[in-house]
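Participant: Residue 57 in UniProt numbering is what sits at position 57 of the sequence shown, and the numbering runs on without skipping anything. This structure is in C-alpha cells; I'll ask about it shortly.
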Amino acid sequence: MLIKTLGRVDYAATLEAMRAFTDTRTPDTPDELWLCEFDPVYTQGLAGQADHVLAPGGIPVIQTNRGGQVTYHGPGQVVAYPLIDLRRLGIYVKEYVFRLETAVIQTLEGVGVTGHRVAGAPGIYVRLDDPGAHAALSMPPDPADPFKGLGKVAALGIKVSRHCTYHGVALNVAMDLKPFYGINPCGYAGLATVDLATLGVFTDWATVARRFGERLDAQLSP
C-alpha cells in the first residue's frame, strides 16, 4: 500500500480527491493510505441530524457521503483515509471496520494507552480514570449512560463504493477540544472526547501519523 503523508490540507478538496480516486480506479490500481490534518471543520455523515450541531461558532459544517453522524476535525488530529479494494483484500465491511479499530488500538498501545470498543458505537474509547487499564469493559454497559467513565479518542466513518473504501478514521493527538462541545459527537449527547495530551501522552502529529500509518498498513495489506 502506498502511504501518502499529506499533512495540513483543505478538507473539501481532499474529499473531492478521494471521490475522484475511487471513481476512476480500476482492479489494478494500487491501494493508498492518506494521512491528513485539517483546519477546523465539522463534517456530517449520511445519518447526520441537524440538531446534533449545537453551536458551530463559525466553524464550517460540510455534508459528506460517509456513514455516521457529525464529528469534528481540527489541528492536532491524525485523519487516516485508507483507499482500499476490499474485494482484492478478500474481506467484507465488518472485517474492515474491525481492522481499522485494531490499528487504532495498536497505535494507542504503543504509547501506554488501552483502547476499547463499545458495541454498536464505532470508534475507540478509553477509561478516563485509568487510560492504561487492561481490564475489559464491564458488560452490559449502563443502559442510562453507555459511555459512563469513557472518553472517545478516535472516530470512524467510512464509505464503500464498488467494493472500494474511502473516508476513514480520525485519532486525536493534541487538539483544542472545545469545538467538540459544539456538537453531539457522533450523535451522542454528552459524549466526552479526549486526545492523547489529555491522557498524559505528549507526542507530536508526525510521530503518531507514522505509527498509525504503519499499523494500518499491517492490517490492510494482503
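The C-beta atom is built at its ideal place from N, Cα and C for all residues, glycine as well. This one's a predicted model, so the numbers in the text were calculated from it and none came from an experiment.
Restricting to Cα atoms, I'd like to know which of 214, 190, 174, 216 is closest to residue 201.
Facilitator: 174
Participant: Between the Cα of residue 88 and those of 144, 171, 163, spot the shortest distance and give me the residue it belongs to.
Facilitator: With distances taken between Cα atoms, residue 88 lies closest to 163.
Participant: Go ahead and pull the three-state DSSP assignment for residue 57.
Facilitator: coil
Participant: Let me check understanding here. Comparing Cα to Cα, which of 137, 86, 138, 128 lies closest to residue 26?
Facilitator: 86
Participant: In terms of residues, what are the limits of the beta strand (DSSP E) holding residue 42?
Facilitator: 41-44
Participant: Tell me, please, whether the segment 30-43 touches the segment 67-86 by the rule of three or more beta-carbon pairs shorter than 8 Å.
Facilitator: yes
Participant: Look at the alpha carbon of residue 102 and the alpha carbon of residue 165, and state the distance between them as a whole number of angstroms.
Facilitator: 17 Å
Participant: Determine the burial state of residue 93: buried for a count of at least 16 other Cβ atoms within 10 Å of its Cβ, exposed for fewer.
Facilitator: exposed
Participant: Would residue 82 be called buried (16 or more neighbouring beta carbons within 10 Å of its own) or exposed?
Facilitator: With 16 or more Cβ atoms within 10 Å of its Cβ, residue 82 is classed as buried.
Participant: What does residue 172 pair with, by DSSP beta-bridge criteria?
Facilitator: DSSP lists 77 as partners of residue 172.
Participant: Is the segment 177-193 close to the segment 42-61, with three or more CB pairs under 8 Å?
Facilitator: yes
Participant: Which residues in the same chain as residue 10 place their Cβ atom closer than 8 Å to its Cβ, once the five residues preceding and following it in sequence are excluded?
Facilitator: 38, 39
Participant: Provide the residue(s) that pair with residue 50 in DSSP beta bridges, ordered along the chain.
Facilitator: Answer by DSSP bridge pairing: none, since residue 50 is not bridged.
Participant: Let's test the definition: count the other Cβ atoms within 10 Å of the Cβ of residue 148 and tell me whether it reaches 16, buried, or not, exposed.
Facilitator: Its Cβ having fewer than 16 others within 10 Å, residue 148 is exposed.
Participant: Once the 5 residues before and after residue 50 are set aside, which same chain residues still bring their CB inside 6 Å of it?
Facilitator: none
Participant: Give the straight-line distance between the Cα atoms of residue 90 and residue 63, rounded to the nearest whole angstrom.
Facilitator: 31 Å
Participant: Which first and last residues belong to the beta strand (DSSP E) in which residue 207 is found?
Facilitator: That residue, residue 207, is in no beta strand (DSSP E); its alpha helix (DSSP H) goes 205-220.
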